[in-house]
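A short worksheet on the structure shown next.
Numbering (the UniProt record's numbering), first residue to last: 1 to 477.
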């Protein structure tokens, strides 16, 4: 598709601003390395490490089996994002504009708002996790404060505010500065993780490899079979990436070609996950050998190792990696989604500020309230809510629209327009979402369906696509 076809000649001000408009191919600067770093920062964030390490301990499986499940999830996510990323590579549009094709030019606000809420929530949580790295650094330099409020010490509160302000300032510099930040933060965190793994391995000595093979067996409270545990881990890891999977077009609109996107996804997901899972497995086993307990937060591990130089370097690196993915996965998408609501008054930057303000309170309450839900269940619940939209987007683009979109109509409220449907809403798509979401969320929240816990996202995505395809031929006819 040439750039002339991406030129929007007539647009409705209630649907259009420059941040939502298609990015022409000549203006795109991202390659495979940028996509790789989207994933490397996501996986290597403190929250991502903590989730991966907790899975080694929660299901009573051999450590190698858990690692295999996590790697399989990486391959699954790679296939999923190749599908949702392709349309935005072709047309240069973000997620909230892309989904107008299936939900309607007004109905698109519904999934965009759900995605924004989830993004804002994750943004607050990741801001807290990034602040723990700064807390580690400040504590190593001058000690922790004695006072505590909502589960955080004075030093922890100071760190949280510092991280919160830093992210806003970086976001305000624009996407190119964020890209530069990601490109050095992602690789650097690997260096520190490898150093940490080497130190733990050296100190654990001959006891480490036997621990990897046996220490996880019989652990956790999971009562199902090994196969059920394996598939539950796969489902949980897929759900962890769920929000990014759905709105991956927010990133691929900057990519020069589909080939670059696919290479970045291959290197950044299954290959990256395999390497990082190995590091997490070795370090987690090492902490059990060295300290007699499993430590799932890298900040806690660095603190126990008790090396000031390592503490300083690790703290800065973990901070950078967690901030990087937070900006890309949890700041940029809500900014677009909020701008899509009221394009005339909410720009990309204003949407980002709204995101930051609301997320401040989420992060502040993480320790005392929100974290009590439990990380795997929390990830599954959030992923299940938006899962049906994945199936709807993919089926609509590849099977219903046959990979052809009308760019002019995506920004038009003409009642005769291709995506106006019924008063701007595609009621068939809304029905498909509701039918699928009820079941997928029930797999997480209803005790009678607890055996399906961990599969909520995959079930919801599949059902959303099936129901949408079943309903839409009747809508077209």
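Every residue gets a Cβ at the ideal spot worked out from N, C-alpha and C, and that includes glycine. All figures in this text were calculated on a predicted structure; none of them were measured in a lab.
Determine the closest residue to residue i out of the options, with distance taken between C-alpha atoms.
| i | options | result |
| --- | --- | --- |
| residue 113 | 386, 139 and 37 | 386 |
| residue 210 | 37, 274 and 285 | 285 |
| residue 494 | 365, 421, 409 and 412 | In the structure as shown, the chain begins at 1 and stops at 477. Residue 494 is therefore absent and cannot be evaluated. |
| residue 472 | 337, 329, 283 and 104 | 104 |
| residue 266 | 76, 347, 441 and 350 | 76 |
| residue 246 | 464, 169 and 164 | 464 |
| residue 301 | 320, 321 and 280 | 280 |
| residue 276 | 442, 196, 12 and 331 | 196 |
| residue 314 | 17, 66, 168 and 185 | 185 |
| residue 130 | 326, 431, 54 and 102 | 326 |
| residue 353 | 230, 165 and 311 | 165 |
| residue 5 | 336, 402 and 409 | 409 |
| residue 344 | 298, 447, 155 and 18 | 18 |
| residue 249 | 147, 336 and 360 | 336 |
| residue 297 | 309, 283, 237 and 290 | 283 |
| residue 203 | 291, 161, 259 and 127 | 291 |
| residue 226 | 62, 208 and 162 | 62 |
| residue 142 | 312, 89 and 95 | 312 |
| residue 89 | 467, 9 and 404 | 404 |
| residue 7 | 428, 175, 21 and 176 | 21 |
| residue 492 | 447, 329 and 407 | With the chain running from 1 to 477 in the structure shown, residue 492 is simply not present. |
| residue 167 | 438, 414, 421 and 359 | 359 |
| residue 467 | 15, 435, 163 and 458 | 435 |
| residue 152 | 140, 128 and 162 | 128 |
| residue 338 | 15, 9, 462 and 173 | 15 |
Report the partner residues of residue i according to the DSSP bridge assignment.
| i | result |
| --- | --- |
| residue 30 | 255 |
| residue 152 | 149 |
| residue 184 | Paired residues: none, contrary to the question. |
| residue 157 | For residue 157, which the question treats as bridged, DSSP gives no partner whatsoever. |
| residue 425 | 422 |
CB-CB under 6 Å to residue i, same chain, minus the five flanking residues each way: which ones, in chain order?
| i | result |
| --- | --- |
| residue 334 | 116, 119, 120 and 355 |
| residue 107 | 425 and 426 |
| residue 274 | 71 |
| residue 452 | 443 |
| residue 55 | 66 and 233 |
| residue 319 | 130, 133 and 134 |
| residue 13 | 344 |
| residue 260 | 31 and 32 |
Considering just the uninterrupted stretch of the alpha helix (DSSP H) at residue i, what are its terminal residues?
| i | result |
| --- | --- |
| residue 291 | 272-291 |
| residue 401 | That residue, residue 401, is in no alpha helix (DSSP H); it is neither H nor E in DSSP. |
| residue 101 | 100-103 |
| residue 350 | 348-364 |
| residue 91 | 63-91 |
| residue 16 | Here residue 16 belongs to no alpha helix (DSSP H), and DSSP marks it neither H nor E. |
| residue 133 | 109-142 |
| residue 340 | 332-341 |
| residue 325 | 308-325 |
| residue 8 | Residue 8 -> no alpha helix (DSSP H), and no H or E assigned at all. |
| residue 296 | From DSSP, residue 296 is part of no alpha helix (DSSP H); its letter is neither H nor E. |
| residue 235 | 226-240 |
For residue i, which residues of its own chain have a beta-carbon under 7 Å away from its beta-carbon, when the five flanking residues on both sides are left out?
| i | result |
| --- | --- |
| residue 218 | Here residue 218 scores only 49 on pLDDT, less than 50, and its place in the model should not be relied on; the value that follows carries that caveat. Contacts found: 60. |
| residue 159 | 131, 134, 135 and 138 |
| residue 449 | 442 and 443 |
| residue 23 | 92, 253 and 254 |
| residue 476 | Its pLDDT being 48, under 50, residue 476 is placed unreliably by the model, and nothing is read from it. |
For residue i, collect the residues of the same chain with a Cβ closer than 8 Å to its Cβ; drop the 5 residues on either side in sequence, then sort them by chain order.
| i | result |
| --- | --- |
| residue 125 | 47, 362, 363, 366 and 370 |
| residue 264 | 31, 32, 33, 34, 35, 36, 38, 39 and 255 |
| residue 441 | 381, 384, 385, 456 and 460 |
| residue 170 | 177, 178, 181, 323 and 327 |
| residue 207 | 289 |
The ligand FAD and residue i: does any heavy atom of the ligand fall closer than 6 Å to the residue's C-beta?
| i | result |
| --- | --- |
| residue 282 | Absent from the structure shown: the ligand FAD. Ligands present: none. |
Under 7 Å, Cβ to Cβ, is there at least one residue of chain C near residue i?
| i | result |
| --- | --- |
| residue 349 | Judged by its chain identifiers, the structure shown contains no chain C, having just a single protein chain. |
Meets three-Cβ-pair contact criterion under 8 Å: the stretch 28-39 and the stretch 247-256: Flag = yes, the stretch 28-39 and the stretch 247-256 touch.
Contact between the stretch 227-247 and the stretch 388-398 (3+ Cβ pairs under 8 Å): yes
Three-pair Cβ contact test at 8 Å for the stretch 50-58 versus the stretch 184-203: With the cut-off at 8 Å, the stretch 50-58 and the stretch 184-203 do not touch.
Sufficient close CB pairs (3 or more, under 8 Å) joining the stretch 302-311 to the stretch 19-30: no
The stretch 394-401 / the stretch 84-103 touching (three or more Cβ pairs under 8 Å): By the Cβ test, the stretch 394-401 is in contact with the stretch 84-103, since at least three Cβ pairs between them sit closer than 8 Å.
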